[in-house]
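Number 262 in full-length UniProt numbering belongs to position 262 of the sequence shown; there are no gaps in the numbering.
The beta-carbon is built from N, C-alpha and C at its ideal position, and this holds for glycine as well.
Because the structure is a prediction, the values reported are computed rather than measured.
These notes concern the structure reproduced below.
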Amino acid sequence: MGNLALQGTASLYRLEILPLTSLRFFAAVYVVIFHYWTSYHLSDTRPLIVELGHTGVTFFFLLSGFILSYSYNDGGRFPKDGHVKFYLARFARIYPVYIATIVVMFPALFLLRNSGVADQVYREIWAVTAPFALHAWIPGAACSLNCPNWSISTEAFFYLLFPLFFEPVYRRPVLVIVLAFAIMAITWFTQIESWLDTGRSLEAMRTVTFASDPAGDLQMQLFSYFPLTRFPEFLIGIGLYGLWKQGADQIAARQLYLVAGVGALLILATAHWVPENVLRTGWSVICFAPLVLAAANTRSGFLSRPDIVWLGKISFALYLVHSPVDSYLRTVDRMALGSRLSEMPFLFCSIAIVIALISAALLFHCVEEPARRIILASVKRSRTTC
């Protein structure tokens, strides 16, 4: 029981799988390093293992499908009459920190007003759609201002569909996982064909930017951020839970960690010739799927330590706040310090990481947890009063 702790959900009580909570931190840090490496010019090019940091989002999508299934499994079904409770619980868990990290970026709309008309249009679309978690549906707006929160917009779509998809996926996990991979493969080849039809090379997928090729960048955003293209990863997460309940929970964790390691090596070995759209949207499942199962089967150890679990708990805030920290810190350096910190990139990056971690801890303890409790308690009181 060393890897478990009692947690409440909106519908059922479940023992929290502590190693899975802890892994969230390492996935979030992987994404942070991916973004900060370029922001702080730590080298001319990102090392391959850093370049793959965007795959941390695939881990989050898998984990989300697995954990929601674990939390809301009521005898192989979604809890009867549990839809309202589920959506309220998701709102209370996600929205307070999400909206806080959106609001802090609003001043950037004015600070960046002269940096390009097209950019400004997409920033303004983001400002209108992001509070409603709709911006991932609009290439250009999806990754504007606070880029990482595109994935929350995508997850909101997953949450909407979860009660509908849980039971059929849970009942036939192998079939659904195979179908999810088939859908991803069809999507990959369709995207590649549409990309090549424009006369661009596959290599250009890796280097395209809005400044150099606006149409190409918007096309890549459609490939990478559009909720429908990422939905198979979430379905695989639900399917993993089905496999776990059907016997995968008996597989030794060390064996699954070994499989995950082999998957990671395969990703690294093939990264130079696997198209960028494939790398960004599901290819890393071959590593992260066994990793999720391995952590779920881990009974004790490093990932169950209270301090590591706490880092996992603040990881959601870290994921959302690290980009605003980066934006404002570099603005302060440029406007107030004459870009002196930019001349010391590793120190600059270290300062950013420390500030991001402190900000995440403050958001977790002062916004995320209090707001979640207040929202759920208010709903409970209103129903009791009625």
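Bounding residues of the alpha helix (DSSP H) (the contiguous stretch that carries residue i)
i, result
"residue 388", "Outside the shown range of the chain (1 to 386) lies residue 388, about which nothing can therefore be said."
"Phe157", "Trp150 to Arg171"
"Val208", "Unbroken run through Val208: none, as it is neither H nor E."
"Asp326", "Ser315 to Ala336"
"Glu276", "Glu276 to Arg280"
"Trp244", "Pro227 to Lys245"
"Pro47", "Unbroken run through Pro47: none, as it is neither H nor E."
"Val262", "Ala253 to Thr270"
"Trp141", "Checking the displayed sequence, the identity of residue 141 turns out to be Ala instead of Trp. Where Ala141 is concerned, there is no enclosing alpha helix (DSSP H), given that its DSSP letter is neither H nor E."
"Tyr70", "Gly56 to Tyr72"
"Ala130", "Per DSSP, Ala130 belongs to no alpha helix (DSSP H) and is neither H nor E."
"Ala289", "Val285 to Ala296"
"Ser212", "That residue, Ser212, is in no alpha helix (DSSP H); it is neither H nor E in DSSP."
Short Cβ contact (8 Å threshold) for residue i with residue j
i, j, result
"Leu134", "Ser153", "yes"
"Phe223", "Asp217", "no"
"Ala356", "Val325", "yes"
"Pro345", "Gly282", "no"
"Ser323", "Pro131", "no"
"Leu376", "Ala100", "no"
"Glu276", "Met205", "yes"
"Ala136", "Trp126", "no"
"Leu258", "Ala271", "no"
"Phe26", "Gly53", "no"
Straight-line Cα distance separating residue j from residue i
i, j, result
"Arg83", "Arg381", "Per the sequence shown, the amino acid found at residue 83 is His instead of Arg. Those two C-alpha atoms are separated by around 18 Å."
"Leu293", "Tyr241", "8 Å"
"Thr9", "Arg254", "Residue placement at Thr9 is flagged as unreliable, the pLDDT there being 45, under the threshold of 50; a coordinate-derived value is accordingly withheld."
"Glu368", "Arg93", "7 Å"
"Phe78", "Pro163", "6 Å"
"Phe226", "Ala180", "16 Å"
"Val117", "Thr229", "Unreliable positioning characterises Val117 in this predicted model, as indicated by a pLDDT of 49, which lies under 50. The coordinate reading is nonetheless provided below. Taking the straight line joining both Cα atoms gives about 29 Å."
"Asp119", "Ile102", "17 Å"
"Ile351", "Ser284", "30 Å"
"Tyr98", "Val104", "10 Å"
"Arg373", "Cys366", "11 Å"
"Val321", "Lys245", "35 Å"
"Arg340", "Ala371", "39 Å"
"Pro19", "Asn297", "9 Å"
"Val309", "Asp213", "42 Å"
"Val176", "Tyr95", "30 Å"
"Ala336", "Ala264", "43 Å"
"Leu63", "Leu202", "30 Å"
"Val169", "Gly338", "56 Å"
"Glu155", "Val57", "11 Å"
"residue 440", "Arg200", "Any answer about residue 440 is impossible in this case: the structure gives the chain only from 1 up to 386."
"Ser304", "Gly76", "28 Å"
"Phe61", "Ile186", "20 Å"
"Thr207", "Lys85", "44 Å"
"Ser342", "Arg46", "17 Å"
"Arg172", "Ile314", "34 Å"
For residue i, the nearest candidate out of the options (CA to CA)
i, options, result
"Ile238", "Phe66, Leu48, Arg373 and Thr21", "Phe66"
"Arg24", "Leu311, Ser359 and Cys349", "Leu311"
"Phe288", "Gly338, Ile236 and Thr229", "Ile236"
"Gly247", "Thr21, Ser43, Val174 and Leu88", "Val174"
"Arg90", "Tyr30, Leu160 and Pro148", "Leu160"
"Asp74", "Cys366, Leu20, Glu167 and Leu145", "Glu167"
"Tyr36", "Phe165, Met335, Ser339 and Tyr319", "Tyr319"
"Ala108", "Leu303, Gln219, Asn277 and Ser327", "Ser327"
"Ile138", "Ile251, Gln191 and Thr129", "Thr129"
"Val262", "Thr281, Val274, Val278 and Pro290", "Pro290"
"Thr55", "Tyr70, Ala317, Val29 and Ser71", "Val29"
"Gln191", "Gln250, Gln219 and Tyr95", "Gln219"
"Val178", "Tyr122, Arg200, Leu243 and Glu203", "Leu243"
"Thr198", "Ala215, Leu266 and Arg299", "Ala215"
"Leu145", "Glu124, Phe302 and Phe158", "Glu124"
"Phe316", "Ser359, Leu329, Leu196 and Phe302", "Ser359"
Distance between beta carbons of residue j and residue i, contact taken as under 8 Å
i, j, result
"Phe348", "Tyr40", "5 Å"
"Leu88", "Val379", "6 Å"
"Val50", "Ile353", "Not a contact, Cβ separation roughly 14 Å."
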